[in-house]
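Final position of the sequence shown in our numbering is 1332; the numbers increase by one with none missing.
Heads up, the beta-carbon is just placed ideally off N, CA and C, and yes, glycines get one too.
Quick caveat, the model's predicted, so the values are computed rather than measured.
In what follows, a single structure is set out as structure tokens and then discussed.
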Amino acid sequence: MTIEFINGKLPWSEISKYERDEIAKKKQSLRKSEREAILGECPDGWSDILDIIDSCGFEAAPEYDTISSIVDKVMDANSITYEMPYDWQTINELCEREPSQASPH
């Protein structure tokens, strides 16, 4: 879901949701040979997170502490804190202001 938020769409979004086998094949192909198509504009750490997820068996729990550590490093590198509002929170605040207050001029 995060990848879709960052990139705007997923590489398999053109395939009908009813064609599950085709979607699965596309995902497998992209994860093995075309990671950039999946990750797009995602931060560098997302590739490491994908490696961790791919190394897990279906029943195995991912290494949540390691994933959390990677996310923290990406946040630090981009001067992002947990206290910062989400984009949609600040957009809503701008939309709720009167037009004269919302204008940057």
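Checklist line | Span separating the alpha-carbon of GLU1268 from that of ARG1262 | finding: 11 Å
Checklist line | Beta-carbon contacts of PRO1270 that lie in its chain and below 8 Å, excluding the five residues immediately before and after | finding: VAL1301, ALA1304, ASN1305
Checklist line | Whole-angstrom C-beta distance between ILE1279 and PRO1289, which should lie under 8 Å | finding: 6 Å
Next item on the list: Counting only the same chain and skipping the five closest in sequence on each side, list residues whose C-beta sits under 7 Å from that of TRP1365.
Entry: Only positions 1228 to 1332 of the chain appear in the structure, and residue 1365 is not among them; the question remains open.
Check: Ends of the alpha helix (DSSP H) at ALA1251?
Finding: 1247-1260
Note to self: Please report the straight-line C-alpha distance between MET1311 and THR1317, rounded to a whole angstrom.
What the structure shows: 10 Å
Notebook entry, point to check: What is the rounded straight-line gap between the Cα of SER1282 and the Cα of ILE1276?
Noted result: 10 Å
Next item on the list: Could you check the C-alpha separation between ILE1314 and ILE1307 for me, to the nearest Å?
Entry: Looking at the sequence itself, residue 1314 is Asp, so the reference to Ile does not match. Spanning the two alpha carbons is a distance of roughly 12 Å.
Item checked: PHE1285 versus TYR1291 - alpha carbon distance -> 15 Å
Item checked: Sequence-distant residues of the same chain with beta carbon closer than 8 Å to SER1274, five excluded per side -> ARG1262, LEU1266
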